[in-house]
Amino acid sequence: MLCQECKQKPATVHLVKIVDNHKTELHLCEDCARQRQDFMNVTPLTINDLIASFMDIQNQNTQNAASSAYEKPMAPKCTACGLDFNQFRKTGLLGCEDCYQSFREELLPLLRRIQGNTVHTGKVPKRSGSGLVRQKKITSLKTELKKAVETEAFEKAAVLRDQIRELEQPGKDPSDDNRRKQPEDKEQSRHEKGEQNKPENNGQNKPENDDENKQGGNGQ
80 MLCQECKQKP
90 ATVHLVKIVD
100 NHKTELHLCE
110 DCARQRQDFM
120 NVTPLTINDL
130 IASFMDIQNQ
140 NTQNAASSAY
150 EKPMAPKCTA
160 CGLDFNQFRK
170 TGLLGCEDCY
180 QSFREELLPL
190 LRRIQGNTVH
200 TGKVPKRSGS
210 GLVRQKKITS
220 LKTELKKAVE
230 TEAFEKAAVL
240 RDQIRELEQP
250 GKDPSDDNRR
260 KQPEDKEQSR
270 HEKGEQNKPE
280 NNGQNKPEND
290 DENKQGGNGQ
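For our numbering, count along the sequence shown from 1 and bump the result up by 79.
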């Protein structure tokens with residue numbers, strides 16, 4: 080479409096004016112549109128201006144979306160197997176042993192909700208030695224000590240404190256007390272058994288003594 084004024088250049092500006100419900104349209108080139116400011120009390124916009132404005136809006140939306148994506152924290156990922164925490168939340172399965180360290184900050188609150196604690200205090204294998212037994216005993220006593228202090232049972236707390244100090248001494252074995260008690264129990268049992276087997280003397284030797292006394296008297 081050519082400009083309705085010069086009839087030479089293509090019409091790139093399309094003006095519409097409505098007065099008293101009467102619509103008037105005018106298609107002009109950019110130069111002619113500048114000369115017809117009386118037609119409209121606004122700065123005329125060319126198609127190029129409209130396209131540029133549209134592109135600016137699109138770029139702004141793209142930047143806002145990219146900014147939102149950048150601000151959103153990414154889920155932590157295991158450095159060994161590549162599993163991210165969102166996948167773990169969906170499946171409940173960890174990828175490798177390194178996941179425990181990679182997801183440590185996220186797993187600790189989860190363990191507290193499930194177990195009530197983050198320290199395992201289960202059974203100790205016999206082959207693990209007395210060191211783990213002692214440590215488990217100390218942990219148990221410290222838990223009791225904390226409860227005793229919270230309930231203001233200070234006498235019990237003092238006893239528990241002394242037990243903890245004794246166990247924390249180097250080389251202290253919590254089974255030493257049981258080992259010391261066993262020989263005493265055996266000795267006491269042996270003594271009681273000997274007392275039961277000891278023959279009773281109910282005066283059976285007295286007649287023999289009487290006969291000896293009589294014989295001695297007759298000899299005199």
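Beta carbons are placed, not taken as given, at the ideal position from N, Cα and C, and that holds for glycine. It should be emphasised that the depicted structure is a prediction, and the values quoted were computed from it without experimental measurement.
Please name the residue or residues paired with T103 in a DSSP beta bridge.
K96
Within the same chain, show all residues whose beta-carbon is closer than 6 Å to that of A154, passing over the 5 residues directly before and after it, in chain order.
D163, F164 and N165
Any idea what DSSP makes of K88, helix, strand or coil?
coil
Give the DSSP bridge partners of K156, in chain order.
Beta-bridge partners assigned by DSSP to K156: D163.
To the nearest angstrom, how far is the alpha carbon of K102 from that of L94?
Taking the straight line from one Cα to the other gives about 10 Å.
If you reduce the DSSP assignment to three classes, tell me which class L81 lands in.
It is a strand residue.
Kindly indicate which residue of L224, T230 and V228 has the alpha-carbon position closest to the one of Q242.
L224
For K86 and I97, the rounded distance between their alpha carbons
24 Å
In the DSSP assignment, find the unbroken alpha helix (DSSP H) run with F233 in it and report its ends.
F233 to L246
Let me know the secondary structure DSSP gives D177 once reduced to three states.
coil
Spatial neighbours of K156 in its chain, beta-carbon cut-off 6 Å, leaving aside the 5 residues before and after:
D163
Taking C160 as the reference, which of Q83, G174, K169 and R168 has the closest Cα?
G174
In its own chain, which residues sit with a C-beta less than 7 Å from the C-beta of R183, not counting the 5 before and 5 after it?
none
Straight-line Cα distance separating L105 from M80
11 Å
Coarse secondary structure for T230, derived from DSSP in three states
Three-state DSSP puts T230 in coil, outside helix and strand.
Determine the burial state of V233: buried for a count of at least 16 other Cβ atoms within 10 Å of its Cβ, exposed for fewer.
Contrary to the premise, residue 233 reads as Phe rather than Val in this sequence. Exposed, since its Cβ has fewer than 16 Cβ neighbours within 10 Å.
Using C-beta distances below 8 Å, list every residue in its chain close to R300, excluding the 5 sequence neighbours before and after it, in chain order.
This structure gives no information on residue 300, because the portion of the chain shown stretches from 80 to 299.
Host alpha helix (DSSP H) of C34 (start-end)
A query on residue 34 cannot be resolved here, the shown segment of the chain reaching from 80 to 299 and no further.
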